[in-house]
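Q:
Residue numbers (our numbering), protein chains in the order written: chain A, 156 to 581; chain B, 103 to 376.
What follows is the structure, encoded as structure tokens:
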């Protein structure tokens with residue numbers, strides 16, 4: 156008989172600021188899209204686009220993921236988070252670093268400012284890595300979710316270190332491969348290594364839980380893990396050495412891995428007990444449909460892999476945009492509706508649950524606002540994509556406005572959840 | 103009848119109806135006692151000592167009036183009044199700070215009192231749902247001395263403020279007090295065999311619940327609801343999908359002992375007992 160700890164959840168004070176910061180950054184990004192639509196019609200290596208991309212990747216996506224992981228890791232491995240203090244320091248450094256980095260890209264300040272920003276981010280990520288790994292290795296609980304998270308976090312460190320190296324290489328070229336090829340390496344380490352793997356690890360636990368699906372075949376996740384990592388390593392080496400067939404092979408290996416994961420999700424969907432999907436799950440389902448588009452685009456880009464044709468350039472932009480703004484962002488917005496209300500609900504009603512008739516987490520946000528947010532988002536992303544593919548600044552601008560409205564509604568609901576006052580339904 | 107400062111007003115009235123008018127003559131505030139409903143609510147909880155405080159006068163004023171209508175005063179009453187922190191109008195620094203930060207839940211019980219209803223349940227209900235770190239403000243026409251005593255005994259600090267005949271009473275449970283004092287370890291991981299042995303040991307009724315097909319947080323809500331319904335000594339046997347990480351602190355806080363047996367990745371059995 157082993158006594159175990161009962162209080163493993165972190166303080167909401169550590170987790171919630173990540174969601175607030177992320178939501179506000181994403182709102183600012185929609186404004187930047189609206190007022191700088193021409194950036195999406197040029198070559199992707201332009202200051203505005205680099206600035207927007209890093210704001211999204213670090214200030215919004217990575218920020219929310221950090222917060223969510225502090226909450227989720229203790230649940231997956233059944234031990235307490237190693238250090239909340241470290242989490243707070245990491246939050247501040249990542250926040251400062253991402254704003255500063257966006258600012259220096261915008262102003263083409265590739266000097267001290269950018270190194271400072273990059274340095275802050277590397278430190279933030281290192282602290283996060285230490286915190287996560289120390290927590291995870293306190294536990295003996297092994298699962299495929301845990302493996303995905305560990306691997307994703309290591310890829311994140313690789314990505315930011317590669318980013319910093321790129322910044323140095325831009326000022327004082329010392330690497331042999333072309334800078335733009337290295338950029339692809341950095342981007343895919345981030346998108347596939349960090350975001351995609353983390354999403355797989357987290358969603359393969361949460362999505363079956365939210366849909367109440369039992370007895371799923373987790374072997375599919377093991378297959379996904381090995382193929383994606385194998386593909387990514389081959390891809391990165393091939394990009395660095397300029398081996399074209401290696402890149403092609405890596406794409407196919409990676410895609411098979413992704414489809415293995417998607418088939419796990421389809422199985423969960425078919426075996427679900429909770430038939431009706433709520434608004435958070437609808438937006439999540441929508442994001443997985445969006446994931447199919449970049450999978451298709453990368454195959455279209457393969458035969459025509461020269462960078463400066465008028466055909467491939469908008470497609471490359473569309474590829475990156477649909478991944479970051481479409482798939483990942485939509486999934487995070489959807490999953491926020493599943494996680495944040497629960498965190499706040501538990502904070503507000505802890506000690507009273509079961510004794511009184513209380514609202515449920517889903518009663519903490521306004522359902523109508525969430526529905527409007529999803530429809531606006533879907534419309535916005537479609538207009539955005541059409542605008543990018545046709546290099547039409549008007550459509551991109553229009554999509555910026557629609558997305559702004561959607562993210563505004565999202566933020567309103569988030570604040571409504573965070574500032575929820577205790578209610579007693581008598 | 104011999105009386106002292108701890109004698110309840112209700113006993114006085116029972117003994118002699120004239121007590122009502124005698125007390126009203128001390129302070130018009132006590133006109134409430136003429137209302138039979140309010141009398142029932144208030145008089146049974148208030149001692150002479152409390153009443154003197156509410157009416158803002160010396161206990162002796164009461165004794166003099168009561169002697170006039172034939173009560174006999176016990177000698178021991180001359181002892182100096184016990185110092186009671188809660189009754190002081192002294193400011194409680196902690197409460198003042200919380201009020202300044204705007205974390206106040208307010209409850210005006212004057213309408214309830216005016217209708218002759220007892221606000222006691224309402225106040226205790228508000229206290230129960232009070233969010234951590236918040237102060238409960240009770241607005242009243244008199245200092246609710248008995249209430250303060252009851253609530254103080256539950257580990258709350260209090261403060262009373264008098265503004266133009268309106269009495270504001272504040273209750274607050276500081277974080278230190280709210281946190282369970284080093285939760286004793288009440289959660290155990292066991293094998294299924296050990297769990298069955300524990301189950302057999304139970305002499306009382308065993309209730310069973312299966313929460314595997316519920317979406318979160320319903321498993322937790324269902325289990326805690328069931329536990330509220332249990333009789334003393336009864337035991338709850340739960341079929342769960344995983345070790346419920348967010349339920350465990352709730353159980354520990356309520357002093358339940360929990361045995362957990364993990365069968366496989368999707369099957370966990372819990373035995374929860376008092």
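Even for Gly, the Cβ is constructed at its ideal location relative to N, Cα and C.
1. Do you know whose CA, among A:355, A:330, A:439, A:449, lies nearest residue 394 of chain A's CA?
2. Decide if residue 184 of chain B is buried, meaning its Cβ has at least 16 other Cβ atoms within 10 Å, or exposed.
3. Run through chain B and tell me which residues come within less than 8 Å of residue 162 of chain A, C-beta to C-beta.
4. Suppose the cutoff is 7 Å on Cβ atoms and the five residues either side in sequence are ignored; what does the same chain contact list for residue 278 of chain A look like?
5. Identify the contact partners of residue 210 of chain B in chain A, using a Cβ-Cβ distance below 7 Å as the criterion.
6. How would you label residue 366 of chain B, buried or exposed, when you count the other beta carbons within 10 angstroms and need 16 or more for buried?
7. Measure how close the beta-carbons of residue 324 of chain A and residue 337 of chain A come, nearest whole angstrom, since I'm counting them as under 8 Å.
8. Looking at chain B, is there any beta carbon in it that lies within less than 7 Å of the beta carbon of residue 508 of chain A?
9. Name the one or two DSSP bridge partners that residue 208 of chain B has.
10. With a cut-off of 7 Å, does the C-beta of residue 503 of chain A fall near any C-beta of chain B?
11. DSSP state of residue 571 of chain A, grouped into three classes?
12. Based on the DSSP output, what are the partners of residue 373 of chain B in its beta bridges?
13. Tell me residue 264 of chain B's beta-bridge partners as DSSP assigns them.
14. Can you pull out the residues from the segment 310-322 of chain B whose beta carbon lies closer than 9 Å to at least one beta carbon of chain A?
15. Listed from N- to C-terminal order along the chain, which residues in the segment 285-305 of chain B have their beta-carbon within a distance smaller than 8 Å of any beta-carbon of chain A?
16. Are the C-beta of residue 429 of chain A and some C-beta of chain B separated by less than 7 Å?
17. Return helix, strand or coil for residue 368 of chain B, following the three-state DSSP convention.
18. In chain A, what lies closer than 7 Å to residue 326 of chain B by C-beta?
19. If you reduce the DSSP assignment to three classes, tell me which class residue 312 of chain B lands in.
20. Can the beta-carbon of residue 245 of chain A be found less than 7 Å from the beta-carbon of residue 303 of chain A?
21. Can you find a C-beta in chain B that's less than 7 Å from the C-beta of residue 172 of chain A?
22. For residue 577 of chain A, which residues in chain B fall below 9 Å Cβ to Cβ?
23. Shorter than 7 Å from the beta carbon of residue 188 of chain A to some beta carbon of chain B?
24. Quick check: is the beta carbon of residue 126 of chain B nearer than 7 Å to any beta carbon in chain A?
25. According to a CB-to-CB cut-off of less than 7 Å, which residues of the segment 435-462 of chain A neighbour chain B?
26. With DSSP as the reference, label residue 164 of chain A as helix, strand or coil.
27. For residue 355 of chain A, does the count of other Cβ atoms within 10 angstroms reach 16, so buried, or fall short, so exposed?
28. Excluding the 5 residues preceding and the 5 following residue 565 of chain A in the sequence, name in chain order all residues of the same chain whose CB lies nearer than 7 Å to its CB.
29. Could you check if residue 554 of chain A is buried or exposed, using at least 16 other CB atoms within 10 Å of its CB as the buried criterion?
30. Name the residues in the segment 229-262 of chain A whose C-beta lies less than 7 Å from a C-beta of chain B; which are they?
31. Taking residue 429 of chain A as the reference, give the member of A:362, A:404, A:170, A:383 with the closest Cα.
32. Could you check whether residue 232 of chain A and residue 294 of chain A sit closer than 7 Å to each other, using their CB atoms as the reference points?
33. Using a Cβ cut-off of 7 Å, pull out every chain A residue sitting near residue 329 of chain B, in sequence order please.
34. Along chain A, which residues have their Cβ under 7 Å away from the Cβ of residue 368 of chain B?
35. So what does DSSP say about residue 234 of chain A, is it helix, strand or coil?
36. Check residue 374 of chain A in the structure and name its three-state DSSP category.
A: Let me spell this out:
1. A:330
2. A caution first: residue 184 of chain B carries a pLDDT of 45, below 50, which makes its placement in the model unreliable, though a value can still be read off. Exposed: under 16 other Cβ atoms inside 10 Å.
3. 285, 350, 351, 354
4. 248
5. The premise fails here: residue 210 of chain B is roughly 17 Å from chain A at the closest Cβ pair, so nothing lies under 7 Å.
6. exposed
7. 7 Å
8. yes
9. B:239
10. yes
11. helix
12. B:339, B:361
13. B:269
14. 314, 315, 316, 317, 318, 319, 320, 322
15. 285, 287, 288, 289, 290, 291, 292, 296
16. yes
17. coil
18. 508, 509
19. strand
20. no
21. no
22. 207, 231, 232, 233, 236
23. no
24. no
25. none
26. coil
27. buried
28. 178, 488, 528
29. buried
30. 229, 230, 233
31. A:362
32. yes
33. 509
34. 369, 370
35. coil
36. helix
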